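Asks: Start counting the sequence shown at 740; every next residue gets the next number (the numbering used here).
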Amino acid sequence: MKDMEFKVLSKEKNEMVLEVINADRTLLIPLVEELNRDEMVEYAIYHYEHPYLENPTIKLKVKSGKPQAAIKRAAKKLEKVFEDLEKEFEKAIGSPK
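Below, the structure written as structure tokens:
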């Protein structure tokens, strides 16, 4: 799997549109959901015209702060969720040898 990359398509004080290159929907959906849980985010949406013909975009608008700070907060929270999930999985089945 290729690493996801973000390309800034437009950026204003409280709004940003990102193109997601090599998007993985299993990560993109939780990222947008986590952004929408953030009290400082007005909204976050992602959009696909056609999944095989173009890259999806994320549009993010914040009530306060910077959009890029909101993305960093969401990514850190998701990192913690996945680390905890990995630990629980290892407890359940044991560490691979």
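Idealized CB from N, CA, C, for every residue including glycine. Note that the structure is predicted; figures quoted are calculated from it, not measured.
Under the rule that 16 or more other beta-carbon atoms within 10 Å means buried, what is alanine 809, buried or exposed?
Replies: buried
Asks: In angstroms with no decimal places, state the Cα-to-Cα distance between glycine 833 and glutamate 827.
Replies: 10 Å
Asks: Please name the residue, chosen from Leu770, Arg776, Asn753, that lies closest to glutamate 818 on a Cα-to-Cα basis.
Replies: Leu770
Asks: Compute the beta-carbon to beta-carbon distance between lysine 680 and asparagine 753, rounded to the nearest angstrom, for a pair I have assumed lies under 8 Å.
Replies: Beyond the ends of the chain as shown, which are 740 and 836, falls residue 680; an answer cannot be given.
Asks: Sort Arg764, Leu774, Met779, Thr765 by Cα distance to lysine 729 and report the nearest one.
Replies: Residue 729 lies beyond the stretch modelled for the chain, which goes from 740 to 836, so this question has no answer here.
Asks: Hey, would you say leucine 757 sits closer than 8 Å to isoleucine 797, going by beta carbons?
Replies: yes
Asks: Could you tell me if valine 759 is buried or exposed, where buried requires 16 or more neighbouring beta carbons within 10 angstroms of its beta carbon?
Replies: buried
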